[in-house]
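Q:
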Amino acid sequence: MKIFFLLFFIFQRFTFELKDIKIERFIFDNKTYDFIYSPNLNYQYLPSLPNYEEFIFLDSDSAKINILNTSYEIKQDIFLKEEDNKKLIDIEYLGKRENKNLFKIIINPFEYNKDNKTLKIYKKIDYEIKEIKKLEKDTFRFLKEFPNKDLIKIEICSTGVYEITYKDLKNLIPTIDLLNPEYFSLYDADFKEIPIIILGEEDKKFDKEDKIIFLGKEHFSLYTLNNIYWLSLFNLNKGKRIKKYLVSQEKERVINFACESLKIEYDNLCPARSGVLWVSEEINKPTGVYKLRKEYKLSFLDNPISLKKIFLRFWPKNGNINLYIYLNDYLLDSLKFIGQPNYPRFEDFIKEKEILLKKDNTLSLEVVGSGEMVFYFDFLEIEYKKELIFEDKPIFFTIDTFGKVGVEIKNKSKEKEILLFDITEIEEPKLAENLYIDSSLISFAQYFFGKRKFYLLSKRNFKKAIKIERKILGKLEGEYDYIIITPKELYSSALLLKSYRQKTTNLKIGIALLEDIYDQYAGGLREISAIKEFL
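See the structure below:
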């Protein structure tokens, strides 16, 4: 059977107009620079040219920008710290939100020429968004990759190295002993094959001591970080395996520190859903209260040395907001912004190069003033320098350097079976071989050509999936006049409803389990858009 995709285009036209531009001159390091400001733009730190961001929902998950017309002016004798020219208009797909596709439109209305000190300012830009929609699609596009629809569904909850044991599979596939593990394959929620390691596959049998090892990553949505993987045991071709690479102990210099970048969204209680959501926290200082302070423990920092960069995002709602930001009671900066209840826009804050404590670091937000001040704290991103110490937990770290460099990690774990993965390309991790490991030190050396990301752990740190089950895909085939969608916990009630409808109507009635819809139309992810696709 051949599947053809037919495409058509939907055009939406927009106009961007730039107003209220100010160019202010200042002195920095005994040099003169210009700072460009507009209340309608996002400006972050001095070397950056401000830009404009807009968010839009589209039916399609694919779109492109066409520029129709522009008008601009050129300013002479402008002194910027550096060139920061970017694409005039860009569009970025942010993923599914409920049943729509969310995009970010980024407009960079400034173009600076450092050689002749001129600044081109785009005052008006007419553009269109060309949305690409599919008229027909292959509902079972992923099933054609497998000889059959009999799969193992694996659910995980965080990023890390996971193990699937003989016992895990024996309970689901009693004949697992008869299968050749060389033909086992693992797929993500998009049904793209990802590499794995099978310990003990050399004898072409899956025995009691054998394990499947893979690097799983969390899936971000508003409601969960859980992700889904699919294990196929009955394949015609051999599965994809994690590649190995050889490290040495020969080096020109040694480092014992690295960096780590984190994005943190604090859990916030949502009484309407009887649980927590990753949503902005409302900070509300009422009239009559002069000062309100919120503290956030940075307990997730691992052996910190210094802060490289911290980024905070806020959404002002009501009032003239006076915000003071502290790190360990040291004032980082103060911000002033005006709440916009009907047309909220975010405000960003960036600070670089601050000292961190070895533990018990605290970020504090303090609002001061007599009137009402309401805003939302969305998230923080933090990049910091850390000492490399391996104790009882896995460590992520990033090294950005050049040359033949040795990396030394203090070993306080007393573990001997330690693994190092290069996860720079997280979909294609590589396992390092020839690590030096003793009771106090872990070391390796290799050529670095810029930034590399690593994940170090012991075999004791292997994670377990929160759920493993056998699934038969393709259950939703058939035509019905009336369909009852239900979670499996309410399946018995759905049967009663089906029986009642059949007695009172002449309709052909079917029952679709919500879990089956997620599996078949969203790769197992609990995305509400899967229900729309099903219907």
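Residue numbers for the sequence shown follow full-length UniProt numbering, beginning at 1 and rising by one. Where is the CB? At the ideal position from N, CA and C, for every residue including glycine.
Measure the C-alpha to C-alpha separation of I350 and S232 and round it to an integer number of angstroms.
A: Cα to Cα, the separation comes out at about 46 Å.
Q: Please give me, in chain order, every unbroken run of the alpha helix (DSSP H) with length at least 4 that falls completely inside the stretch 147 to 203.
A: 166 to 170, all fully within the stretch 147 to 203.
Q: What do you reckon, are the CB atoms on L88 and Y122 nearer than 9 Å?
A: Cβ atoms of L88 and Y122: closer than 9 Å.
Q: Taking only the alpha-carbon atoms, compute the straight-line gap between S299 and K393 and give it to the nearest angstrom.
A: Spanning the two alpha carbons is a distance of roughly 14 Å.
Q: Just to confirm, is the Cβ distance from E383 to I472 under 9 Å?
A: Cβ atoms of E383 and I472: not closer than 9 Å.
Q: Would you list, in sequence order, the uninterrupted alpha helix (DSSP H) runs of no fewer than 4 residues that lie entirely inside the stretch 298 to 370?
A: Runs of the alpha helix (DSSP H) inside the stretch 298 to 370: none found.
Q: Any idea what DSSP makes of S232, helix, strand or coil?
A: In the structure shown, S232 sits in a strand (DSSP, three-state: E or B).
Q: By the three-class DSSP mapping on this structure, what secondary structure does T504 have?
A: Helix, per DSSP.
Q: Beta-carbon within less than 8 Å of residue 537's beta-carbon, same chain only, minus the 5 sequence neighbours each way: which residues are those?
A: The chain is shown only over 1 to 535; residue 537 falls outside these bounds and no answer can be derived.
Q: Check whether the stretch 151 to 159 touches the stretch 175 to 185, counting contact only when three or more Cβ pairs, one atom from each stretch, lie closer than 8 Å.
A: The stretch 151 to 159, when compared against the stretch 175 to 185, does not touch it at the 8 Å Cβ threshold.
Q: Is it true that the CB of E131 sits closer than 9 Å to the CB of S248?
A: No, they are not a contact pair.
Q: Under 9 Å between the Cβ atoms of D188 and Y162?
A: Cβ distance not < 9 Å, so D188 and Y162 don't count as in contact.
Q: Short check: CB of D481 to CB of K503, under 9 Å?
A: Contact flag unset, no.
Q: Which value, in whole angstroms, describes the spacing of the CA atoms of I74 and L18?
A: The straight-line gap from Cα to Cα measures roughly 14 Å.
Q: Does the Cβ of D168 have 16 or more other Cβ atoms within 10 Å, making it buried, or fewer, making it exposed?
A: Per the 10 Å Cβ criterion, buried.
Q: Starting from the Cα of Y166, find the closest Cα among K464, F396 and L323 and give me that residue.
A: When only C-alpha atoms are compared, the closest one is K464.
Q: Please determine whether the Cβ atom of E155 lies at a distance below 8 Å from any heavy atom of the ligand SAM.
A: Ligands displayed in this structure: none; no statement on the ligand SAM is therefore possible.
Q: What residue range is occupied by the uninterrupted alpha helix (DSSP H) comprising F79?
A: Looking at the DSSP string, F79 is not in any alpha helix (DSSP H), and its letter there is neither H nor E.
Q: Please report the residue range of the alpha helix (DSSP H) in which Q520 lies.
A: Per DSSP, Q520 belongs to the alpha helix (DSSP H) from L514 to A522.
Q: Are the CB atoms of I242 and I197 within a distance shorter than 9 Å?
A: It is a contact, given that the beta carbons lie within the stated cut-off.
Q: What separation, rounded to the nearest whole angstrom, lies between the Cα atoms of P47 and P304?
A: Its pLDDT being 47, under 50, P47 is placed unreliably by the model, and nothing is read from it.
Q: What first and last residue would you give for the alpha helix (DSSP H) that runs through S529?
A: Note, S529: alpha helix (DSSP H), S529 to F534.
Q: Considering Cα atoms alone, identify which of K386, Q520 and K251 is closest to E477.
A: Of K386, Q520 and K251, the residue nearest in Cα terms is Q520.
Q: By the 10 Å Cβ neighbour count, where 16 or more other Cβ atoms means buried, how is K245 classified, buried or exposed?
A: Reading the sequence as shown, one finds Tyr at residue 245 and not Lys. Exposed, by the Cβ-count rule.
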